[in-house]
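**Student:** According to the working numbering, the sequence shown holds residues 4 to 113 in order.
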Amino acid sequence: MAQKVVTIYTDDLTGEESSEVGTHTFCVDGVFYEIDLIPDSFDKLMDALRPFMESGRKMGRKKSGGARRPAPASDVDTAAIRSWAKENGFEVNDRGRVPANVREAYDQAH
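#1: Going by the DSSP bridge assignment, what does residue 28 pair with across the sheet?
#2: By a C-beta neighbour count over all protein chains shown, 10 Å radius and 16 as the cutoff for buried, is residue 60 buried or exposed?
#3: Taking the alpha-carbon of residue 23 as reference, which of 7, 42, 29, 35 has the nearest alpha-carbon?
#4: Using the Cα positions of residue 45 and residue 113, report the straight-line distance between them to the nearest angstrom.
#5: For residue 36, count the other beta carbons within 10 Å of its own beta carbon; 16 or more makes it buried, fewer makes it exposed. Which is it?
#6: With a 10 Å radius around its C-beta and 16 neighbouring C-beta atoms as the bar for buried, classify residue 40 as buried or exposed.
#7: Consult DSSP for residue 75 and reduce its assignment to one of helix, strand or coil.
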């Protein structure tokens, strides 16, 4: 049997499907967010944030690739989080990124 897997990239803001969707990470009050946006939606986000970014103090940039994560979550073994999540009724994949709500619940429980 042949199987074909189709990946559809969708803008989280508009729901628009596009091959130009990019993942963007930002942080507010120590809470990290990740959102998938097409270029037009990303421009809207940057337009909204620009006055605050220009008035704020730049804290630097992570030197290696990838998104920043809060320190407590990055110090925890993801296998332990996945195991805990499954035991506590969360649906998690065996591979890939652990959803933020699962990490938060794990952090609160520990």
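Note that the Cβ used here is the ideal one computed from N, Cα and C, for glycine as well.
**Tutor:** On the basis of the coordinates in this document:
#1: Beta-bridge annotation (DSSP): residue 28 is paired with 37.
#2: Classification of residue 60: exposed, given that the 10 Å Cβ count is below 16.
#3: When each option's Cα is compared against that of residue 23, the closest is 42.
#4: Here the alpha carbon of residue 45 sits roughly 35 Å from the alpha carbon of residue 113.
#5: Exposed, by the Cβ-count rule.
#6: With 16 or more Cβ atoms within 10 Å of its Cβ, residue 40 is classed as buried.
#7: Residue confidence for residue 75 is low, a pLDDT of 44 falling below 50, so the modelled location carries little weight; the figure read from the coordinates is stated next. Here residue 75 carries a helix assignment [DSSP, helix/strand/coil].
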